[in-house]
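Here UniProt numbering is used: the first residue of the sequence shown is 1, the next is one more, and so on.
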Amino acid sequence: QHNVTSYGATTVAIVTLETFAGMWINAFIISVLCIGCIKKKTLNSNEKILLMLGSSRFCSLCISWAYSFLSRIYPNYLYVHPVLQLAVFLEAFFNHCNLWFSACLCSFYCIKIANFRNRFFIYLKVKIDRMVPWLLLGSVVLALTVGIVAYNIADKPHCNNSTSSRRGNFGKPTIKMDKHFFPSFFVAGFGYAASFMAVILAAVFLLFSLWRHKCKMQTNSSNSLSMDAHIRAMKSILSFLVMYSINFVCLVLKMVYVTKKGNHMTILIVVFEYTFPSLHSLILIFSNPKLEKTLLKILPLEISVKCKVC
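What follows is the structure, encoded as structure tokens:
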């Protein structure tokens, strides 16, 4: 039996709209890159990170929507082992894949575009294409570790309720679940903070490189294509930095309001959480010439088809 409140229905409606918008945007990125891979039979390092990022965000939105739907429309089904544990594991895994892949993309932009004479930085610039697969693998391993920790934390309060669930008693559990999820939030916070620091460092180095390059251009009174590359990368990194900051604040607020269900603040937190992956993916599309060109080709086609139907 479902138990729908006006708060739950409103939240599910908002989450559904944002989820399907985000899924469409990330599915577009995945399809364009996969078609390009089939044609060229290869992907460059930037496209590999974008493909992994789009795939993780698509899966993250699907899992988050399913979890949000069950928790608000059919909350009792979450207390059946191992539905809650698997939902928490998958959500934590894909969320942290999303974060670390985004951090890898910002770091890649910084190393590839920034100009420094430091030997270690030059070494990274030469080896970065070979390092990208290992960075992506390391991101998956870190996300998997966080997911396993989240699964174990979610499994502990369920142990004392296993008897009641096996007998078909799906009412409210005897243990208050919220207090057991605070360790999971702190683990998630550590992952957020670590990847956030990587993005901040990438932005600072790229800004410093842009400033040095601008000074050189003014001295030589010449234009350079490197300037455009710097500006394009900075738009992507700074936009991600702003949204990442908002997302980090949402995580902190989520820990504060986790026990206050039905609060209007939680709706705002949910709105920002689901807006972040969709909006950043949209910015990445317009920051990538190939994706932007394909999107601009598709939009007039869709508009003409709609006009013909009308």
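All C-beta atoms, glycine included, are put in the ideal place defined by N, C-alpha and C.
These figures come from a predicted structure and were not determined experimentally.
- Counting of Cβ neighbours within 10 angstroms places Cys215 among the exposed residues, the total staying below 16.
- Excluding residues up to 5 positions away in sequence, Ile267, Val270, Val271, Tyr274 lie with their Cβ nearer than 8 Å to the Cβ of Ile14 in the same chain.
- Within the same chain, and ignoring the five residues on either side of Leu124 in sequence, the residues whose Cβ sits closer than 7 Å to its Cβ are Ile111.
- Under the three-state reduction of DSSP, Val149 is assigned to helix.
- Across the structure, Leu90 and Trp100 are spaced so that their CA atoms are roughly 15 Å apart.
- Counting only the Cα atoms, Ser102 lies some 21 Å from Phe20.
- At least 9 Å separates the beta-carbon of Leu206 from that of Met243.
- Looking at the backbone, the Cα of Ile49 and that of Ala198 are separated by about 16 Å.
- About 19 Å separates the Cβ atoms of Cys106 and Phe190, ruling out a contact at the 8 Å cut-off.
- The residue among Leu201, Phe208, Pro277 with its C-alpha nearest the C-alpha of Phe116 is Phe208.
- Around Tyr151, the same chain offers Gln85, Val88, Phe89 as residues with beta carbons nearer than 7 Å, after the five sequence neighbours per side are excluded.
- Secondary structure of Phe116 (DSSP, three-state): coil.
- Around the beta carbon of Arg130, a 10 Å sphere encloses fewer than 16 other beta carbons of the protein chains shown; the residue is thus reported as exposed.
- Of the candidates Leu142, Gly22, Trp211, Ile128, Ile128 places its Cα closest to the Cα of Asn44.
- In chain order, Ala87, Glu91 place their CB closer than 7 Å to the CB of Tyr67, counting only its own chain and leaving out the 5 sequence neighbours on each side.
- For the options Arg119, Cys97, Asp155, the alpha carbon positioned closest to that of Val80 is the one of Asp155.
- If the five residues before and after Ala114 are omitted, its C-beta is found closer than 7 Å to the C-beta atoms of Phe205, Leu206, Ser209, all from its own chain and listed in chain order.
- Residue Ile285 holds the alpha-carbon nearest to the alpha-carbon of Ile30 among Ala143, Leu238, Pro82, Ile285.
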